[in-house]
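Written below as structure tokens is the structure these notes are about.
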Amino acid sequence: MTGAGARGAGEGAAVNAGVLPGTLALTFDDGPDPVWTSRLLAKLSDWGARATFFVDVRRARAHRDLIEAMGLAGHEVAFHCVEHRRHSERSEAELAAEAEVGVEALESLGVRPTAWRAPWGIVTAATRRIAAEHGLDLWGWNVDSHDWRGDSRGEMLSALRAAGGLPEGAVVLMHDGIGPGARRSGCAQTVELAAALLDISRADGLRTATVSECRHGSNR
């Protein structure tokens, strides 16, 4: 399932997608969730695969056991948000406070994040300045599962194929938590989609990697 059908991150799209050919970066936003993240971790363990979890700090605080489990399994824990709001609707002072609170909260959980994905992938000039101050790489995606819509695994796979499949250095956007605007009550189909993508990656000779591995060669 290869091709050049990249899905962009939309307005102010963050960079760094598709930087390492031969890899598949599975990324998950809006978790951790005690049900769905746990199931994903088990599925990834079955495959010996690594992924990146862009976490909602409020949920991370509530489920620190899952944050610890991610790290122990070799996954990357990255920063998503404290408040799930568009950066284009926030002042620079608000974004600076968001990053400071988020980074400090994750550090208190034993994580020093080096990657940041803004809600909806929307970044501003202020986002970029603040990310640089905190040593955070901004990440978008080049394959969007649109799993938030509540489609089945089969429907999502068909849509990905219609868009050209997995491009070189695919960074796939999925969600292990229910965020604003989601039209589903759970993430079971995301777990199934992740398993299907792992099967495809093995058939295509791709290796899974975290986003920092794609950019820097290791989880920094």
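For the working numbering, count along the sequence shown from 1 and bump the result up by 967.
Glycine included, C-beta positions come from ideal geometry on N, C-alpha and C.
Item                                                                                                                : Value
8 Å contact criterion, which Val-1070 and Pro-1080 should meet: CB distance rounded                                 : 6 Å
Selection from Ala-1099, Asp-996, Leu-1007 that minimises the alpha carbon distance to Asp-1023                     : Asp-996
CB contact flag (Val-1138, Ala-1027, <9 Å)                                                                          : no
Exposed unless 16 or more other CB atoms sit within 10 angstroms - verdict on Glu-1065                              : buried
Val-1078 versus Val-1044 - alpha carbon distance                                                                    : 7 Å
Extent of the continuous beta strand (DSSP E) to which Val-986 belongs                                              : Looking at the DSSP string, Val-986 is not in any beta strand (DSSP E), and its letter there is neither H nor E.
Spatial neighbours of Leu-1103 in its chain, beta-carbon cut-off 7 Å, leaving aside the 5 residues before and after : Phe-1046, Pro-1080, Thr-1081, Ala-1082, Trp-1083
Whole runs of the beta strand (DSSP E) within the stretch 1003 to 1038, excluding any shorter than 3 residues       : 1019 to 1023
Entirely enclosed beta strand (DSSP E) segments - the stretch 1094 to 1152, minimum 3 residues                      : 1137 to 1142
Cβ-based burial, Gly-1107 [other Cβ within 10 Å; buried from 16]                                                    : buried
Backbone secondary structure at Cys-1048 - three-state DSSP                                                         : strand
His-1101 and Glu-1061 closer than 9 Å at C-beta                                                                     : no
Length of the line joining the Cα atoms of Ala-1009 and Ser-1055                                                    : 36 Å
Range covered by the alpha helix (DSSP H) that runs through Gly-1077                                                : Note, Gly-1077: premise wrong, no alpha helix (DSSP H); not H, not E.
Distance between Ser-1058 and Val-1049 (C-alpha atoms, nearest Å)                                                   : 15 Å
Outcome for Ala-1129 when other beta-carbon atoms lying within 10 angstroms are tallied against a minimum of 16     : exposed
Alpha-carbon to alpha-carbon, Asp-1013 and Gly-977                                                                  : Confidence in Gly-977 is poor, its pLDDT being 43 and thus under 50, which makes the residue's placement unreliable; the coordinate value appears in the next sentence. The straight-line gap from Cα to Cα measures roughly 33 Å.
Close beta carbons around Ile-1097, own chain, < 7 Å, minus the five adjacent residues each side                    : Leu-1062, Ala-1063, Ala-1066
DSSP three-state assignment for Ala-973, whether helix, strand or coil                                              : Its pLDDT being 34, under 50, Ala-973 is placed unreliably in this model, and the coordinates cannot settle the point.
Continuous alpha helix (DSSP H) stretch holding Asp-997: start and end                                              : That residue, Asp-997, is in no alpha helix (DSSP H); it is neither H nor E in DSSP.
Presumed contact (8 Å Cβ cut-off) between His-1051 and Phe-1020, rounded CB distance                                : The pair is not a contact, with the Cβ atoms about 15 Å apart (cut-off 8 Å).
Buried or exposed by the 16-neighbour rule on C-beta atoms within 10 Å, applied to Ala-981                          : With a pLDDT of 49 at Ala-981, under the threshold of 50, the modelled position of that residue is not reliable, and the figure given next carries that caveat. By the 10 Å Cβ count, Ala-981 comes out buried.
Three-state class that DSSP yields for Arg-1053 in the structure shown                                              : coil
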